[in-house]
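Take 509 as the starting number for the sequence shown in the working numbering and just add one per residue. Heads up, the beta-carbon is just placed ideally off N, CA and C, and yes, glycines get one too. Contents: one structure, followed by commentary.
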Amino acid sequence: MRARNPRSRSRSWVLQILYAWEIAGGGSLPEFGERVLEGRRVAERYRPYIGRLLAALGGSLAECDRRLEETMPNWRLERLSTVDRNILRIGTVELLRFPDVPPKVAIHEAIQLAEKYGSVESPRFVNGVLDAVSRSTPVVG
Numbered sequence: 509m510r511a512r513n514p515r516s517r518s519r520s521w522v523l524q525i526l527y528a529w530e531i532a533g534g535g536s537l538p539e540f541g542e543r544v545l546e547g548r549r550v551a552e553r554y555r556p557y558i559g560r561l562l563a564a565l566g567g568s569l570a571e572c573d574r575r576l577e578e579t580m581p582n583w584r585l586e587r588l589s590t591v592d593r594n595i596l597r598i599g600t601v602e603l604l605r606f607p608d609v610p611p612k613v614a615i616h617e618a619i620q621l622a623e624k625y626g627s628v629e630s631p632r633f634v635n636g637v638l639d640a641v642s643r644s645t646p647v648v649g
């Protein structure tokens, strides 16, 4: 069995944190993530990318949501499942803010999360939305 890429597992942790953050009612995402991780056994190799994703999401969540809504004219973000919405946020922040992550990788990783945590329709939906975000968004460092 192939060892998972630390970034892949980090994305899974961030998805879990985002889910809990929404249920808890929001607040500072990076601070919430730190509190969640204090009580969990998370390997050190995952923590840098978890922190990087949480910081990026904390600083640009509104922009990510706006970009997603622009690419989903027939959908409202709040009507999506919590899992799908947050997978899309992770993929979008990587597309917008992480020039070291190729767009195809960001989309593929989001699809992997959707296959593992979403519904039967989630992978296809996530692929279509993030592909549209990727095509309409220049990467900003």
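Check: If you draw a straight line from the alpha carbon of G636 to that of D592, how long is it in whole angstroms?
Finding: Annotation: G636 to D592 spans about 12 angstroms, alpha carbon to alpha carbon.
Next item on the list: Would you tell me roughly how many angstroms separate the C-alpha atoms of A570 and V601, rounded to the nearest one?
Entry: Pairing A570 with V601, the inter-Cα distance amounts to about 11 angstroms.
Next item on the list: Compute the distance between the beta-carbons of L638 and G599, then report whether it is under 8 angstroms.
Entry: One thing to note: L638 has its Cβ within 8 angstroms of the Cβ of G599.
Notebook entry, point to check: Under a Cβ-count criterion, where at least 16 other Cβ atoms within 10 Å of its own Cβ denotes burial, should I619 be classed as buried or exposed?
Noted result: Around the Cβ of I619, a 10 Å sphere holds 16 or more other Cβ atoms; the residue is buried.
Next item on the list: With G599 as the anchor, note down where its alpha helix (DSSP H) starts and where it stops.
Entry: DSSP places G599 in the uninterrupted alpha helix (DSSP H) bounded by T590 to R605.
Next item on the list: Give the secondary structure of A528 by DSSP, where H, G and I count as helix, E and B as strand, and everything else as coil.
Entry: Correct three-state label for A528: helix.
Next item on the list: Please check the pair R651 and L537, which I expect to be a contact at CB under 8 angstroms, by giving their CB distance rounded to whole angstroms.
Entry: The requested residue 651 is not part of the displayed model; the chain covers only 509 to 649.
Note to self: Can you confirm whether the region 572 to 579 touches the region 553 to 561 when touching is taken to mean that 3 or more C-beta pairs between the two stretches lie within less than 8 angstroms?
What the structure shows: Judged by Cβ distances under 8 angstroms, the region 553 to 561 makes no contact with the region 572 to 579, as fewer than three pairs qualify.
Notebook entry, point to check: Can the beta-carbon of R605 be found closer than 8 angstroms to that of S568?
Noted result: Cβ distance < 8 angstroms, so R605 and S568 count as in contact.
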